[in-house]
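Residue numbers (the working numbering), protein chains in the order written: chain A, 1 to 128; chain B, 1 to 128; chain C, 1 to 128. From the three backbone atoms N, C-alpha and C, an ideal C-beta is built for every residue, glycine too. Keep in mind it's a predicted model, so treat the numbers as computed, not measured. Note sheet for the following structure.
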Amino acid sequence: MNELKVLFHINESSRWQMVLGNITNLLNDVGQDNAHIEVVINGEAVSIFKDKCKQVESGNLCSVSPNLSLLEQMEKLSKVGVKFVACRNALKGQSIDEESIPDFVRVVPAGITEIVRKQAEGYAYIKP
Amino acid sequence: MNELKVLFHINESSRWQMVLGNITNLLNDVGQDNAHIEVVINGEAVSIFKDKCKQVESGNLCSVSPNLSLLEQMEKLSKVGVKFVACRNALKGQSIDEESIPDFVRVVPAGITEIVRKQAEGYAYIKP
Amino acid sequence: MNELKVLFHINESSRWQMVLGNITNLLNDVGQDNAHIEVVINGEAVSIFKDKCKQVESGNLCSVSPNLSLLEQMEKLSKVGVKFVACRNALKGQSIDEESIPDFVRVVPAGITEIVRKQAEGYAYIKP
């Protein structure tokens, strides 16, 4: 079988679970050695990388972030080869420090350019 | 004119009318012999196939489903060649029995894989 | 560098700012001479062209349209080569007179057909 090439685009936080579920279903269906998968994150969806602790105005304790399990799922997927790419414009727009985001996420100057280039390379586009 | 190849992706119930309207407009514009159209249904959008009667807890009467006219529109489109494909993962997720869905709908193991393969075959992708 | 070809699809009014921001980011990233950009507008998103004055039932004064700054942004983008294409079916559906929409917007019989054709020409598809 030819390897599948797939670009997932997410720009709304509410779609994270759908995106990660779609990827899991795809990998279960075709096998992780048979798909090149990249997720481009822009717009408001980059808020998954916000450090919740900084938003607590009083007290030292951080509440457990509801994003934690999503980030854990992302990290597991990255370990089987799924690539995650965040848009620098979007990170700036949400005042998120690039240094604070997980190592498995690559930052590009413009997420839209990445989406266009990947499609030109033959990647299918999916907007979950 | 070359035949057009188009893949419509729907994963939210609220988009059904838009999807079916888009297909109707496309067929009216180019003619039904000039387009290969496939609709891949995953996520929450498969709930259109839920049997409303089973949800009525008391009484023998089923209220008329608001999905009925949508299903009728789908069936009409299937008769002019539009293909409808549902994701097995999504059907399981919504506890919908595969045997209960209309005969004109084909079930695939993973809707996402179908979307990727169709794009690799030259189908345009549209997310209404 | 090869020129990039990109088709943006918008069918919801709430996504206008995202679409125009995405285009601006793309142009800033690759340069306006290096991208062919087309925006296909269908569904409810064509309501940006509604003449707000006609909706005021009493009095002669028109309130300033909240769409005005969006239209100004669109016009600026059109001057650097971004093409805007509206769907006639959608305009009719919203009772918008074709003569009333800005000159820089081209009207096509069916927006969906335009999206399919552009992808067949090698345009990447993005749904912001």
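- Query: How many Å lie between isoleucine 23 of chain C and alanine 110 of chain A at the Cα?
  - Reply: Going by the C-alpha atoms only, they are around 10 Å apart.
- Interface residues of chain A facing leucine 26 of chain C [CB-CB closer than 9 Å]: Going along chain A in sequence order, the residues near leucine 26 of chain C (Cβ under 9 Å) are Ala110, Ile112, Thr113, Val116.
- Task: Could you check how far apart the C-beta atoms of alanine 120 of chain C and isoleucine 101 of chain C are, in whole angstroms? I think they sit under 8 Å.
- Result: Rounded, the Cβ-Cβ distance is 26 Å, inconsistent with contact.
- Item | Beta-carbon proximity check, lysine 127 of chain C vs lysine 127 of chain A, cutoff 8 Å | Yes, they are a contact pair.
- Task: Pull up the distance between the alpha-carbon of glutamine 17 of chain B and that of glutamate 44 of chain A, whole angstroms please.
- Result: Looking at the two C-alpha atoms, the distance is approximately 27 Å.
- Which residues share a DSSP beta bridge with tyrosine 125 of chain B? Tyrosine 125 of chain B pairs with B/Leu7.
- For the candidate residues B/Ser95, B/Arg15, B/Gly81, B/Asn42, whose alpha-carbon lies nearest to that of phenylalanine 27 of chain B? One detail in the question is off: residue 27 of chain B reads as leucine in this sequence, not phenylalanine. Closest option to leucine 27 of chain B, Cα to Cα, is B/Gly81.
- Task: Mark glutamate 114 of chain A as exposed unless 16 or more other C-beta atoms lie within 10 angstroms of its C-beta, in which case mark it buried.
- Result: Counting Cβ neighbours within 10 Å, glutamate 114 of chain A comes out buried, since at least 16 surround it.
- Quick one: grab the DSSP three-state call for valine 85 of chain C. Three-state DSSP puts valine 85 of chain C in a strand.
- Under 9 Å from the C-beta of leucine 4 of chain A: neighbouring residues of chain B: Under the 9 Å cutoff, chain B gives Thr113, Val116, Arg117, Ala120.
- Task: Using three-state DSSP, classify alanine 110 of chain C as helix, strand or coil.
- Result: Correct three-state label for alanine 110 of chain C: coil.
- Whole-number beta carbon distance between glutamate 75 of chain B and phenylalanine 104 of chain B, since they are thought to touch under 8 Å: Sure, about 6 Å apart at Cβ, within 8 Å.
- Message: If we define contact as Cβ-Cβ less than 8 Å, is valine 46 of chain A a contact residue for chain B?
- Response: Chain B contact via Cβ: absent.
- Compare the beta carbon distance of arginine 88 of chain C and valine 116 of chain C with 8 Å and say whether it is the shorter of the two. Taking 8 Å as the Cβ cut-off, arginine 88 of chain C and valine 116 of chain C do not qualify as a contacting pair.
- Item | Coarse secondary structure for valine 116 of chain A, derived from DSSP in three states | The three-state reading of DSSP puts valine 116 of chain A in helix, counting H, G and I together.
- Item | Cut-off 6 Å between Cβ atoms - residues of its own chain near phenylalanine 8 of chain C, not counting five sequence neighbours on either side | The beta carbon of phenylalanine 8 of chain C sits closer than 6 Å to those of Val19, Val39, Ile126, all from its chain and outside the five residues before and after it, given in chain order.
- Counted within 10 angstroms of its Cβ, other Cβ atoms place alanine 124 of chain C as buried (16 or more) or exposed: Looking at its Cβ environment, which holds 16 or more other Cβ atoms inside 10 Å, alanine 124 of chain C is buried.
- Query: Is there a Cβ from chain C that is less than 8 Å from the Cβ of valine 56 of chain A?
  - Reply: For valine 56 of chain A, the predicted structure reports a pLDDT of 48, less than 50, and the residue's modelled location is therefore unreliable. The matter cannot be settled from this model.
- Message: Let's see if you can read the secondary structure: which residues bound the beta strand (DSSP E) around glutamate 38 of chain B?
- Response: Element bounds for glutamate 38 of chain B: 35-41.
- Query: Within 10 angstroms of its Cβ, does arginine 106 of chain B collect 16 or more other Cβ (buried), or is it exposed?
  - Reply: Its Cβ having fewer than 16 others within 10 Å, arginine 106 of chain B is exposed.
- Please classify valine 105 of chain B: does DSSP put it in a helix, a strand, or coil? Here valine 105 of chain B sits in strand by DSSP.
- For valine 30 of chain B, return the contacting residues in chain C, with the cut-off set at a CB-CB distance below 9 Å. Correct list: Ala110, Thr113, Val116.
- Message: So, under 8 Å CB-CB, alanine 90 of chain B and asparagine 25 of chain B are touching, yes? Tell me the CB distance rounded to an integer number of Å.
- Response: A Cβ-Cβ separation of about 26 Å leaves alanine 90 of chain B out of contact with asparagine 25 of chain B under the 8 Å criterion.
- Query: In the stretch 65-84 of chain A, which residues sit with their C-beta less than 8 Å from some C-beta in chain B, listed in chain order?
  - Reply: For the stretch 65-84 of chain A, the beta-carbon criterion of a distance under 8 Å to any beta-carbon of chain B is satisfied by none of its residues.
- Query: Between C/Phe84, C/Ile37, C/Ser47, which lies nearest to asparagine 67 of chain C when the distance is taken from Cα to Cα?
  - Reply: Minimum Cα distance to asparagine 67 of chain C is reached at C/Ser47.
- Query: Exposed or buried, what is asparagine 133 of chain A when buried is set at 16 or more other beta-carbons lying within 10 Å of its beta-carbon?
  - Reply: A query on residue 133 of chain A cannot be resolved here, the shown segment of chain A reaching from 1 to 128 and no further.
- Where serine 13 of chain A and leucine 70 of chain A are concerned, what is the direct C-alpha to C-alpha distance, given to the nearest angstrom? Annotation: serine 13 of chain A to leucine 70 of chain A spans about 11 Å, alpha carbon to alpha carbon.
- Task: Keeping to the same chain, check which residues put their C-beta closer than 6 Å to that of lysine 54 of chain C; ignore five residues upstream and five downstream.
- Result: Any reading at lysine 54 of chain C must be qualified, since the residue scores a pLDDT of 49, below 50, and its modelled position is unreliable; the value itself is stated next. So the list is empty, once near-sequence residues are dropped.
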